[in-house]
Each structure stands twice: as C-alpha cells, then as structure tokens.
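Just below is one structure, and these are the notes that go with it.
Number of protein chains: 6
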Amino acid sequence: MADERAEDRRETRAQRLARFQPASGMATPRFSGLASFMRLPMLAPAEAAGAGRAEIGLIGIPFDGTTTGRPGARLGPRAVREASTGTRALNHATGVAPYALAACADLGDVPVNPVDAAETDRRIEAFYRPLAQAGIVPLTVGGDHFVTYPVLRALGAARPLGLIHIDAHSDTDDAQYDGSRLTHGTPFRRAVEAGVLDPRRCIQIGLRGSMDAADERDWALAQGMRLLAMEEVCARGLPEVAAEARAVAGDGPTYLSFDIDALDPAFAPGTGTPEIGGFTTREALHLLRGLRSLDLVGADVVEVAPSLDPAGITALAGAGIAFEILCLLAEGVAARQPAA
Amino acid sequence: MADERAEDRRETRAQRLARFQPASGMATPRFSGLASFMRLPMLAPAEAAGAGRAEIGLIGIPFDGTTTGRPGARLGPRAVREASTGTRALNHATGVAPYALAACADLGDVPVNPVDAAETDRRIEAFYRPLAQAGIVPLTVGGDHFVTYPVLRALGAARPLGLIHIDAHSDTDDAQYDGSRLTHGTPFRRAVEAGVLDPRRCIQIGLRGSMDAADERDWALAQGMRLLAMEEVCARGLPEVAAEARAVAGDGPTYLSFDIDALDPAFAPGTGTPEIGGFTTREALHLLRGLRSLDLVGADVVEVAPSLDPAGITALAGAGIAFEILCLLAEGVAARQPAA
Amino acid sequence: MADERAEDRRETRAQRLARFQPASGMATPRFSGLASFMRLPMLAPAEAAGAGRAEIGLIGIPFDGTTTGRPGARLGPRAVREASTGTRALNHATGVAPYALAACADLGDVPVNPVDAAETDRRIEAFYRPLAQAGIVPLTVGGDHFVTYPVLRALGAARPLGLIHIDAHSDTDDAQYDGSRLTHGTPFRRAVEAGVLDPRRCIQIGLRGSMDAADERDWALAQGMRLLAMEEVCARGLPEVAAEARAVAGDGPTYLSFDIDALDPAFAPGTGTPEIGGFTTREALHLLRGLRSLDLVGADVVEVAPSLDPAGITALAGAGIAFEILCLLAEGVAARQPAA
Amino acid sequence: MADERAEDRRETRAQRLARFQPASGMATPRFSGLASFMRLPMLAPAEAAGAGRAEIGLIGIPFDGTTTGRPGARLGPRAVREASTGTRALNHATGVAPYALAACADLGDVPVNPVDAAETDRRIEAFYRPLAQAGIVPLTVGGDHFVTYPVLRALGAARPLGLIHIDAHSDTDDAQYDGSRLTHGTPFRRAVEAGVLDPRRCIQIGLRGSMDAADERDWALAQGMRLLAMEEVCARGLPEVAAEARAVAGDGPTYLSFDIDALDPAFAPGTGTPEIGGFTTREALHLLRGLRSLDLVGADVVEVAPSLDPAGITALAGAGIAFEILCLLAEGVAARQPAA
Amino acid sequence: MADERAEDRRETRAQRLARFQPASGMATPRFSGLASFMRLPMLAPAEAAGAGRAEIGLIGIPFDGTTTGRPGARLGPRAVREASTGTRALNHATGVAPYALAACADLGDVPVNPVDAAETDRRIEAFYRPLAQAGIVPLTVGGDHFVTYPVLRALGAARPLGLIHIDAHSDTDDAQYDGSRLTHGTPFRRAVEAGVLDPRRCIQIGLRGSMDAADERDWALAQGMRLLAMEEVCARGLPEVAAEARAVAGDGPTYLSFDIDALDPAFAPGTGTPEIGGFTTREALHLLRGLRSLDLVGADVVEVAPSLDPAGITALAGAGIAFEILCLLAEGVAARQPAA
Amino acid sequence: MADERAEDRRETRAQRLARFQPASGMATPRFSGLASFMRLPMLAPAEAAGAGRAEIGLIGIPFDGTTTGRPGARLGPRAVREASTGTRALNHATGVAPYALAACADLGDVPVNPVDAAETDRRIEAFYRPLAQAGIVPLTVGGDHFVTYPVLRALGAARPLGLIHIDAHSDTDDAQYDGSRLTHGTPFRRAVEAGVLDPRRCIQIGLRGSMDAADERDWALAQGMRLLAMEEVCARGLPEVAAEARAVAGDGPTYLSFDIDALDPAFAPGTGTPEIGGFTTREALHLLRGLRSLDLVGADVVEVAPSLDPAGITALAGAGIAFEILCLLAEGVAARQPAA
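Chains as they are written, first to last, in our numbering: chain F, 10 to 349; chain Y, 10 to 349; chain P, 10 to 349; chain S, 10 to 349; chain U, 10 to 349; chain X, 10 to 349.
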C-alpha cells in the first residue's frame, strides 16, 4: 500500500485523469457490465479519500425512511446508476468534458439502516466527513430529501454554505405528525438551525403545489432565504432566475440540491410527491447551465422513486441532471487546480 | 333530525366551514384513510342539499358507456379521488384557501347504469336537479364527456348558461354510427339544441387533432360559439386567451368544462382519445387562473381513464386541475355571501 | 346518543345485520362510490366499539416504515379496499354468506406516523385495545408485517394466542443492521417474547427462499413453533397441512396472519420481498377453507405493495384472501352467538 | 365473378388449402406485416361466404358496451390478432396441423356500434347468419361475453345447440340495474330463453368467485344445465371433467365458449372481472384437448381487455387458446369432408 | 391483369382518390378491423407500383438489428399502425385533406431478415427501387435509423438528395465496436459517402445529449452539413429554423427523416436512446408545418420501440408525426399533377 | 503480482472462501450498492483465471442480435444481477450453502458487439476458453439462446458434453430466413455438428408450443437426443423426469441450459417467445433439485428480456433459478476437491 501511494504521488494529473475515464460506448455497449455511475471506475470510499485519488465522488444514499408520501426513493441510486450508463463524455451544449477536468469515481452507497432514521443520519455524516476533509466533492444521488441534511452537516461543518435548491417544495417544515422533526419535509430548516446553511445565501427555485399552511414558507422568508415560485420563474425567465441564484449564493462555498420533483410529473412521474406545473428537463438543463461560475462544494439529485416510473424516464432525467451538475462540479475542480 | 336542522341553522358560517375541512396531511398521512375528494367529509346528497349544509359538492359520475374510442373513464372518479388526497388547503399561486371560503363536501357518485346511456342520462339530471335548486355548486369528475349534457340540463334549466370549454375536441358532432346522437362527441350540440347553453356565450379552447370532417366545427361556428384552436392559443398567448374567454362568457352564469385530453398526452396519457400537441399542466393552471372573476355555477373534469395511465399522472393532473377549479368556485361562493 | 344506544339495544340481530350489508353490484356498479372494504358501511372506531354495533371490523394499517426490502405496503389498504369492491356476498365454494352471519364494517385506518415506528407501534396497540375489549374481531390489511406485533399485543393481552401464519418467511429474526429489533422480519419473535403468542400453538406454512442464516428458524423451532416449508406442504398435500394447522392451534383463541408473499410472485408480484415457488391463489383458498373450525379472534393480510403491481393482481389476491378469511371470522362470530 | 366461381369449383381441396396457409415465421419474421389472426389471409365476409372459399372464419367482435365491470374488451380482437402471429402451423401436443385440414381465413371485425348494444346485437346476428348458411365455422374473438348471444342466435337458428362453457361466471343472470337484460352477465339465460341453446346439453366449467346471490346458478340448474365449480373440477380431475363435458354435449351440434377469466388472474390479468383461483393455461389446454370428438359448429374466446394487461400475457393466452380451439374446429371440418 | 390496367387508365383521378380513402371513424369504430396505416387500403407493393395505383405508399421496416442501445424498434411498424387508426382525414391546423390530394395506401412491410443486417440492407433497397421508379412517394415507419440508408440509396440513385433530419443524434458516426460500419449511428455518413445525399443540402435539427466525442459532428460539418443543436433551435425559434431548413434543402428533391428521439422522453419514452431536453410534440408539428413548400420525395419516422412505451404515447406521437408528414407529401403529389 | 500469487497459494481454502462471500442483507440493505450477481465480489476475468482464485464465475452475455422474435435479452444480465441481490446464502430446501462450498465471483460481461453476431460468437468463445482451461465453472446469464453455442465450444473443446436443456423450444433449427444459420433457434444443432455436444447424452425438457414444422424435432431425435414435451413431463411427474435426465447425461461432463421461456408466461412474461402451458417456478426448482449428482461443467440462464417484464418477476425467476443452479455447481466443485 505504501508503494502504491508513492506511485500515486508520482502520477501526473493527466495520468490520474486517464485512470478515471468512463468506459466508452464506442468500445463496449452501454448496456453491458455492472452499472456504476456514468460507467466510471468504482472505488471504496477509503481508497478515494485516503490517497486523494478521486476529486469528485458519486455516491448513492438509498434511504427513504423519512418519506411522508409514497416511498421508493431508496431504490433511486441503482436506477440512476443504470440510466447514467447512457451518458457520454462530452457536454454537447457547454462543451465541457468533465472527465478531462476532474478525476471522478463511483464511491458506492452509504451503508444506511432502512428502519432507523436517526442512525442513518449519523452514518451519512460519518461517511461524508472524511471526504470533505480530503477535499473530495460529492455528487449524491438519493434517497429522499432528508439525506441532504447530514450531508450538509459534513460539508458545512467549517463554515455555513450557500444553497441553490431546485424543488417543488420548500422542505422547511418544522415537524409533522405530532412532532417528528426528521422527515424529508424538514432538512433545510434543520440545516439552518444547525448553522451549516447561511439562509441569506439560500435560494429555492420552482416552488409550487398547494400547501398545508403558509408556515413553512413564512419561516424560510423570515430567515432571509429567497423563494421563487414556479410562476415567478416563468414570468421572469430562466436567464434572470439563474442570475439571481448566482447573486444570492455569491462567491462563498455553495451546495446545489436538485429534487427531481422540481420537474413536471410528465418528465418525472417516478417520485413520491409529484406536483403538476413543473419544469421541463430542457428548462432544468438551461437553468443549471446558468450556474457555471459558482463555488460548488457538493450537490445532490434526490427523490427518484423507480417503482413509480414505469417508462424509466425519471431515472433518465435524474441521470441527465446529474451529468449536467457533474460538469459544473468538474469545472469548479479544474478552476481550483494550481496553474501548471 | 329536526333538532339537527335547528342546530344547523344556529351554526355560524365560521362554524360550518370548520366542519368541512379536509383531513390535514400534517396530522395523518395523505395515503391513509378512505380516499374522498380532497380528503373532504362525505355527505349523502340528500343531507347536502336538504339542509344546505354544503356549498360546493364534489361528485363522481363513473360512466363511459358513450365513449367511441378507448373506454375506461368510468374508473375516473375513484382514481381522481385517490390522487386528490395529495392536494392541500392553500393555493400557493393565488393564495386562495378554498375551504376557508366555502363549505365543500364529497357527495359520492351518481348511481349510473353502465349499460344504459339513456337511463343514466335521466339519473344524472335527477341527481343534479335538487342540488341546483339548493344552490349547491357541483364540481363533477367524469366519466366520459357525455355526462356534461345532463348536468347542463339540470343547471341550465332556469336560463341558458355560458360555457368555458377546454378540450382537444369540439364535441359538437351531430351523430355517429348511423344515427347515435348520445355519445361523448355530441354533448355540446345537444345542450345548445336543448336551450341550456347560450352558444354566443360559449368558447372552446385548445381544439386540435385531425378531424373526420369540418362539420362539427362549422356547426358550432354557425351557432355563434367561439372556437380557439391550439395553434391560435399558442400564437396569442394565455393571458389574451383568458381575457377573451371572460369576455365571451360575460357576467351571466357560466359552466366550466375541462376535458383532460386538452392536456398533451405526455401530461395526460390516460384518456380515450389523446391528441398530441396539447396543453402542459402549467399552461392549463395558468389559463384557469385567468378565469377568476366569472360567475361559475358548476364545473367538471372528465375523460380520465386510469387503465391507460400506468404512472398515474393523468389522475394526478385531473386532481390538480380540479383543485384549481375548486378555488375558482370557492371564490365565487364567497363572493355571493351576504356581507356580515 | 343515549337514545341511540337504547335504540341499538332494542334492535334485533336481524335488523342489525340488515344495516351492515355491502352495497350490491346488481344495484349500483362495483366501480362506483368510495371504495370501502367490501363496499361495507364505514364506521368511526369509537362508534363501532362504543355501542358494540359492529362485530367484525375491517381496518387498514398503512405503515411500511419497518420494511427492509422494497417499500410500498403503506399503500396497501387503499389498493385492497379498491380491489375488494369486486367481492360479493356469497362464498361460492363454502356457501358461507358472511354478512348474514356477522355485522361487518370498515373502521378506517389506524392513524400511523410514517416516519416513526415506535410511535406507530403504540398507536396501533391503542387503536386495537378498545376493539378487543368490545369483542370486535379485527380483520386488518397492512402495511408491512411488523404491524401484526402491536395488534397481537392488543388481542393477546389477556392470554397468549395461537397462530396460523402463512408466509414465505418466518419473520422471527432477532435484529437487523446492528440491532434494529422492530422490523418486518421480527414481529413473531417479539410477540413470543412479549408473551402474547404461545409458541407451541403457532404454525408457519409456506416457508421458502434462501436464508441469510438458519438462526431465525432455529429459534422458532426451539420455542416449539411448527414450521412447514413449501416443499413439505407440497409433499404432504393441503388437506393434511390444514389438519395439522388446526391441531397445532387447538381450541384456544387463535390469530391468522397471511403475508401476501406466501403466494408465488406470478400471483402476487406486488410485494417487497417476493420468493419464487410459492402458493397459487387456488391453493391458498383451499388451505384457508381447511381452517373453518378454529376460534379465530383476529386476522390480517399484509405486505401488499401496489406500486410493484402493475396489473393489480396482488391487491386482487389480497382482497380475495381477505374475503375468504372474513367468511371464517363470520362463522366464528355466528357460532359464539347465544342460541335464540 | 362468375368466372372466379367456376375457377373456384375446379380447384381441388389441396389447392384450396394451399391458398389459405398462414405466412411462415421461417420466411418472414412474425412481428412483420399487418397482424391478421394467425397470419392468415384476410377475406371480406362476402367473399368468404359467397363462394364457400373459407371453411373456418376467424372474426373479431370489438364490443364491450354491455360490460358491468372494468371495460376494455372492445380492444381484444386487435390484441389477440397481434399475439396470434406467434402461433405456428403444427400443434405439438396433438399433432394436428389445422391449416392442412381446413381452409381458414381472417374475416375481419363485425361493424359494431360501440354506444348501442341493441343495434350491435342485430348487426352481429346479421353478420353471422350468411356464414352459418354457407357452412362456415366461426371462431370469434370478443369483445365482452354478451356477443355470444347474437352469435348463438345465428348458429342455433335451425336447432338448439349444446354448449361447452368455460368461465369463472355462469353469465345466467336475469337482469341488472333495475332491469337491464342485455349485459355480459346474461347471454346464456337469453340464449336458452330464445331456444337456441338446449340447456340439458349445456355444461359450465370453472365457476368460482363470490356471488351476489345464488339465483343465477339456481336458474341454470333448474333448466337442466350442468355446472362445475372450480373446486369440483380440481377434485375430479381434468380427464373426468372433459369426459363429462363430452357426455353432456353429446353428438349434436355444439358451441364452445371460452371466457378468458376462466384462467387465473396470474395467467390472464387483462380482463374486466378477474377471479382468483382459476385455471392455469396448461390446464385449459389439457381440458380443450379432451374435447376432440365433439361436433363443434362454432366457438369463441372473449373478455380479453388489453389495457389491463401490461405484460400482454392475457392476449397471448387468448391467442394460444384460440389456436387450440382452431385445431378442434379444423378436425371437425376435416371429419365432415366426403371421402375422396 | 391487362384488362385491369386498362380499366385503371380509364379511371379519373377523382375515382382513383375515392378508392383510396381511409375507413371513417364515424361509420365504424377506430378500434375495429385490422390496423393498417391510417385505416388505408392495403396493397401489395407490386400492385401499388405495377399499375401506378398508389401515389404515396406507407411502408413498415420492422428491423432493429443495427441498434446499439436498447432494442425494440422492430416492433415499431405494428404499434404505429395501431396508433395511426386514430388519425382522421382533415388536418385541423393547415386544412390539408391528404386523401383528397393523393392516392395513399399501406404497402405492408419490407421482408427483413432480423439477424442479418447486410441482407436486410439489400432487401430494403430492392423493395424501394421499383417504387421509386414508379414515382411512388414512400413514407416509411421504422425500425431503427439504419433503415434510412438503403431507402436513400433507392430514392437517391438518380441524383443526390437534400435532407431535413430531425433527431437528437447526428447519426454520422464512422464505425463502432472495432469497425462495425452499418449501425443506426452511421446511416447519414454512409449515405453521403455513397453519393445519394448532397451534404450541402442537409440539415440536422434538434441535436443534443452528451457525446462520445466530437468526431461525428466534426465530420458532418466538414462535409458542409448544417447542424442545429437543440439549444440553438430554442434560441432562434421554430419559424426561423424552418426557414433555414427550407433554404438549406432548396428546390431540389429532398428527404425528410424524423427520429422519434428528437422528441423529449416525456413525449416519447419508447425509444432506444432517449435524450432529455427535446422537442414537445407541439413544437415538432409546428416545425413540420414550416416545411410545406419543399420537394419531398420520401420521408420516414423511425426508432419507435413499443416495449419501452407503457402508455403508448410514443407510437401515438409517431402516428401523429407521420400524419403531419403525410400532409406534406400529399401536397407535393398534388402540386406535381398536370393541370386538369 | 508474483508476490500476490505466492500469497494466494499460501491461502487456505477456508481463507479463500471467506474472501468470496456475498454482502449480507443483515448488515447492509439488499437494495444498496452496485448490483453484482448475488452481491458477490467482482473480479476481472484475467484475475479470476490467472491465479485460479475463483472456482465458479458468474458471467453476463448481453447479446440478443440473433433473436428472431421480440428482442431485449441483451438487457438480461443487468436485470438478473439486480434481482439476484435478493438471494441469500443458504438454500432453504436442500440445505446447500454454496459460498461455503466454492469460491464464487462476478466476472462481469463478455464484451459483445451488438450488431455483429459472428464477431460476438468469436469473442464469447475467446472469453470462456481461458476460464475453461483454468477449471473455472461458468454460470452464464444471457442474452438470447444463441450465446450457449460459443460457450459450449469453449467448454466442450476437449470432449463432447452431455446436456440438460430445459426450454419450451428445441432450438435445433437448421436455418431461418433463407439460410441464416446463427440464430437463437439453432445453437444446439450447431453444437452437435461442431462435435461439442454428444447428442446421445442430451435431453430437452419442457418442449411445447406450436411448431413451424416437425423438422427441428425430427433432426434432434435422429441424432439420438431425448425430447420431453411438457405434456409428457406432466404425465410422468418431475421425479421420474429428473431421474431420466440424470440417466441420459450419465457420469460424463454435462452442461445445463435453462431458457427462461421454459417457465409459463405467468411466471416469466419477460421473454421474447413465450409459450403458454409451461413450468411454474416451483416445478422448475423441484426439477433442478433432482439433478444434484451430475458432473456439471457449466450452466446458463438465458432469454430474460426485462423490457417485457413490467413487474420484474422474470428477472426474479431468473435470479432464483440461477441461485438454485449455483447450488448444484457449488456441490460439484466441492465434490471435486481433494480430501483435506
């Protein structure tokens, strides 16, 4: 092992990147082989962090024990992995070639306990802490939206983060069912309370659907979060919305969280709490491409529930969104490299 | 019973409204309990009308015996009820809280005869007449579009109604198959002939798809109805279309009929006669929100066929459209209340 | 209320039964109206128990927070209710007419907390205790198999029960994932430990599928439970198996628990942990009909997960099994009536 | 035309049969080309009957307007045609090569009126009368079970027929919904009343499922019909059942009607009124092969509803059953040929 | 035959058109009868070409042996035929009545060899050559996109064609998997190399999705083809894109190829290589309507894979797109008629 | 590497087996992590063979380019891997614990060329030859049945093998479509011709379905192969059939090939050429358990086509069958170990 590490240190960046290329669909069919994220090499987390070999880690969190609607997001990571094997190496729209910019690997899944949310909460944070310390940028696939909370604790431990949150729901409830405070409707309230999010650097985009009460949004507004309902997004247009998102998040370290139910149910039926009137995938890609200059320290795509997705288009959308986000993250990694 | 009625009369409006609240998703899960429309209380129609307890009645008409394409809309009311349990109390876009404005209840289904259209036609009218007389505003979930005809006879008995009709098809055929005049392609022609619709106050929005012949539209135009093809809707924009709809319907009593096939098949695959190139749900909501000042005396959402809807998004769209319409109806009920 | 109770006491048994008849499919279509279990009248639990009006209560427990495989059984009660509207009044094979033998009603769903298993465990027991005290025989539709544990605590509080348990899995694990003891793999171990099951009067039928280890079955055998693997069931034949089940359970109060995964995945694909090589529905009905003389104090059908059931045959099987069990329960209720 | 007829008369039987061969799957793929029944040549009914060119006619009746449960059997003929393209020329079990025994053709669909049962009833009879007069043996694919009634009137006009009826339901109701007498639950009662069935030569096999009341079966028994519940079928075994069916029908002209819901829902989920505990396809084939010596004058396979059949196995079963029946019919045609 | 030809020559154009009308949905239900394209008459190709009876031939090519992703487009022709029975005679938007302008017929399927691409390539060209020579305009339904290559060889044999190519992918790869040059990713490169396409008159519209490498697009650009990525389409608007397409193709003979994956997966999930961010059907129709004045000599709709299309909306879109293209082709046929 | 090999040689068998255990479902959820076969460790084939580390290799061959019916078996390996994560360590019926008997690993997929059958044929043989030389027993998951032919060439190169072939079809056609000799209908004819199968030691079990002609079975019989139609299997019973299979194969090296279409479509709808009247999974398991003493040198499970399998039960059955076969293979490996 010591030798390997030494060898690793001697490796040039170009050599390292060459080791982390996805299997090409021109050489072997995309439907062949085990389905890792984007057909990338698989690394155990310890390997990834231990020697700093990977710069971006794709991670699954197959947990949905905090879902209050229809469950199934625990099956999301496998379905998104499978769909992601159809993504290729070059972003046709932005020209970004993420695997030429950053060493990316599939780090597997967090070892969740499906029947114990509190224990899983601890395990997720414990999984991400060493990655954060090693400077590995995580791109997470959920799982329900609760999983973002422990990830934020790991990534925001040093200083509060900004947030770009694309979702139909604000997820800033206080509690449900006589006091349950850890649900997929509460992660961002908990994260602000925990001090790992700076609410004045948080923006939520795409909110819609009927509400139980105005409380969740009132609280968020009171913290200084910026909330953009779908109607406002439509009225102002995506370029302006993206510009505002960049302005809200500013230059500081920022997290990007994409709930697949931000998309319209026609584009993403496979999710527990769909709301009509949402984004098309084209709009979502457009919006994400407007976020290129942010200092992103992590991101996630959550709430893909394959059992509710008979045509598989939700996982497909999740994989496509994840690829677009990966391009953003890879640009950030490359930007942080010391000049050669 | 006499005592109860007396009690009912003593009840303040606020007390009445408090009795007609849907079960909250913050207290019990939305997937629990029997699925009534919007998780509202259930009332027998006689109860609803007898003492004027409900102001808006949600009613299912599970009949599709007049369908000329793929059947299955008879299963629509149960599927929309199920999907409607995901709607909540507050319209995020308009701020309307319908259950604070009007006493709403699920009045069950009309007792149709699935193998006898003429008998069902009579039963529907008989079901709605006392409701109309009691001033209860019905929001109906079909069933195929034929069911609108007997409902219109009940509601328009006193004076002809205006119509906002959102649909891919004009449904103004004269007859099919050697003279069948009661089909889901003929209700609006029959209603004009019966004098319960005022054709000059009728507008059809979203028409598209190939046609057997121009006859059905020529007839409608000759009556003075306004027909807006999908292409014209796109060219002019939704605000202008909504304004024209309000102008056509004017100040008189008006009925709103929403055929789910107005939506594009990507958004509503579960319907018997889908036509590509239709509305998104976002556009449909936008259009409906442009109709807020009308004097609506009833409305329906029809043609949801769950067997053709593997991901359930058609029933979801039907429920969301129904909620948006309910907000319109509730505003109307509130507006008609005497000042306190 | 007092008057009503008096009226209730004056009611003859025939009159009472007449009030608890399901809606007939010869009068109104089976797809019409809200879907209560078997189209039976709905009663609030307090009503049911308060005046002893119902003798058998059909109850949903929409909880799957203890599922370790694919989730979705929380959606089981609604799906089984919907499918159960196709059942009719007379058992064609046994000639039993359950609604002529016992007053049956749909008592709604237990108010579960989907993100808190311990709290739900308490709420279930609290829901069933007064029913048990009022002598109402519950027929429960789950939910995952964990829900049987608190039901057994309520029903077996006075004395340990016998058990007929039809399932692919023994569900007698001790714990999973580093110590989680409340999962859908542990209810019968917990119930024996709690003293509410008498293991020597317990039989498990249909066990199969590969195992993590022999521990769960070794423990059960050590307690004196009788375990019949699927292969033994086939070798010996259903009449002999039914006879042994009756012998094991004996004359004492007995609970019947039917996990839908006892059926082969061809017959019940919609369940979280399917195992090939299971019962056909014909065999299951045959087996249940062999249990007619037992003293059944309650029963359940669990683990129906509709999202995994595209053709709806799992809910259909669940409803059919529930009807067959209802016939057993109704015979028991009738047998316990004092001679007229 | 006259010349053609003369040519036709000069044609040897071998030449005729050669003209009526299905397209071979060894030459062109089974998924190619328009889907006629069994990839047989298509003939207009007039052609078929006019010159006596076809001996067996496969006919669709896409009508389900008399369905009291879930609709969709109107889509059955197309789905069964599609599935039937997978059948081949030689019955592997009996060795029968039907297209070597009889000239078979697809005669298209009866021109039904989907919104008018009485009119459709007349059209069906009118379609079959000339075929019956020309001695063409019809193999019909429904449509709901009502369609058998007008077919029986056409085929049994000269003398009452015997009946082998394989079904979960007796379909001998008198009326539903306050007097509707033409439904898919009444055809055999109507046919006996019309004198086109001889009830003492009728047998029903596979009856099961709960019943609204015993009336329908009591009436049938009172007429002298033989009813075999599924349980009795299982207890006695298929060879004995087939023998009894042959004995009941006797030597006279007999009709064979196969309702796809005779099969268990695991084998045929795509039908409007499925009943658990039914036949496997293997049993159904076995049973049909036990009917080889009957004098069959027509047959049908009904109630395939493709919208309820996501995996397509119901249409597949329908096609396989239809092929097996076709072998029976072809043997009969061959047996009636004059010795060469 | 000679007589028939003479008779054919005597036939007026109006008489001929009258013989090629689709079956009307006002007379017989659209779900009845064998499913030919648009319910048109079926002709054997030899009949169609031999006497010049049809002017537009709708043809299936059920081949997907060159698919590199998920297969299933071999089942496309039957599914599109089925869905196309819902199209009617009059284009509501353009007013074109195609069957009044051109004699259209279903010419069946090319007899492909599903396991031999080279042989199928030859058979396709051989099927289309006589049609091309007879001046019949083919509208093809695939099959995977490879099938366009042999069709282009047949149609472009006399002179190179222009191309309007609407697709998510450029399909101008050189080879895959160590040298396979006949795949569904290469047809347009092969066609340019074969000299049957004039690259300077080719335009590709809707390109998107990640790429393996820039090679395929670089090659196309180097040939002088015009490539419009989806983003450019959105930025410039459909009217401008259509204008450019007309300008690129110019006045010369032009082929129109529509890959169903040009549509977004929400609108066309049933295809082997879906890419998020695509066209809506409304946009696609709008784009096609902008191409009315071109000299179209043939067209196709490819890559519909029904097994991946649980709600059937992909085949529905394919049929609707095919109808819109048919209107374009029919206008062209009519325009080429000598003045009366 | 040299060191590792030395280390490997020093490893005891117990230590080796300990390294090849599947991840336990009691520690991490079965739905978590990448889906390797049975959650086993993954090894590159070179690693597996190079040092003899694995004794049984599970291998996917995602190829269906030789399918003549509905395609999709190329997607089989991933779907079976996913379903196989539900299998556990201990066979409940036979008591076999395969991972305690043999070192098992997932060796990934053969690098097929989806558009070139001849090339893929060569690659498959090349992949298996070194495994065969290293004594690794392969358990293959297809892919269509053609893939068995090159596997047999690799395994039978040294001496002809016996064959237990469980299938609805004989797959001994000579050619299809004018001479195509490499299809999924021909592998066993080719293998006998190539001398790698000894036809007198071959038995085919479960044959059924209509046939194009008797040729394929006549040829097989003429070679001395034993053919058991489904009807004969039913008549004689599974114990006798298993005994005959063992007798036919004898003591020599034998291959076991399981085509998933041996199962009835109710149990395995997801396959390209389903035939009604097949095995239940219970029967299939029973049959396989009757083959325990054979000298199996390899096995496969083929023709799982997930796109045709909406409920996922075909992949589930494939995984369960594969586990049962793995137990047979592991017993064989253990039996060949030298006594300690």
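For each residue, glycine too, the CB sits at the ideal point set by N, CA and C.
Look at the Cβ atom of residue i, then the Cβ atom of residue j, and state whether they are nearer than 8 Å.
i: S/Val156; j: S/Val311; result: yes
i: P/Ala244; j: P/Leu272; result: no
i: U/Asp270; j: X/Pro80; result: no
i: P/Met239; j: P/Arg217; result: yes
i: F/Val150; j: F/Gly85; result: yes
Quick one: what does DSSP say residue i is sitting in, helix, strand or coil?
i: F/Tyr158; result: helix
i: S/Phe288; result: strand
i: S/Asp273; result: coil
i: U/Pro123; result: coil
i: S/Thr181; result: coil
i: F/Thr76; result: coil
Between residue i and chain Y, is there a C-beta pair that is closer than 8 Å?
i: S/Pro80; result: yes
i: F/Ala229; result: no
i: F/Glu240; result: yes
Interface residues of chain F around residue i at Cβ under 8 Å?
i: P/Asp125; result: Tyr186, Ser189
i: P/Ala151; result: The residue asked about is misnamed: residue 151 of chain P is Gly in this sequence, not Ala. Those within 8 Å of P/Gly151 in chain F number zero; the least Cβ separation is about 14 Å.
Applying a beta-carbon distance threshold of less than 7 Å, which residues of chain F neighbour residue i?
i: P/Arg83; result: Pro80
i: X/Gly42; result: Gly117, Asp118
Determine, for residue i, whether the minimum Cβ-Cβ distance to residues of chain X falls below 8 Å.
i: P/Asp318; result: yes
Using a beta-carbon distance below 8 Å, is residue i in contact with chain U?
i: Y/Met234; result: no
Looking at the C-beta of residue i, does it have a partner C-beta in chain P at a distance below 8 Å?
i: F/Gly327; result: no
i: F/Asn100; result: no
Discussion item. Counting beta carbon pairs with one atom in the region 107-114 of chain P and one in the region 216-230 of chain P, are three or more of them shorter than 8 Å?
Written reply: no
Worksheet item: Is the region 159-169 of chain S in contact with the region 315-324 of chain S, if contact means three or more CB pairs nearer than 8 Å?
Response: no
Discussion item. For the region 171-182 of chain F against the region 332-346 of chain F, do three or more pairs of beta-carbon atoms, one drawn from each stretch, fall closer than 8 Å, so that the two count as touching?
Written reply: no
Worksheet item: Taking three-plus beta-carbon pairs below 8 Å as touching, is the region 42-61 of chain S in contact with the region 40-51 of chain U?
Response: yes
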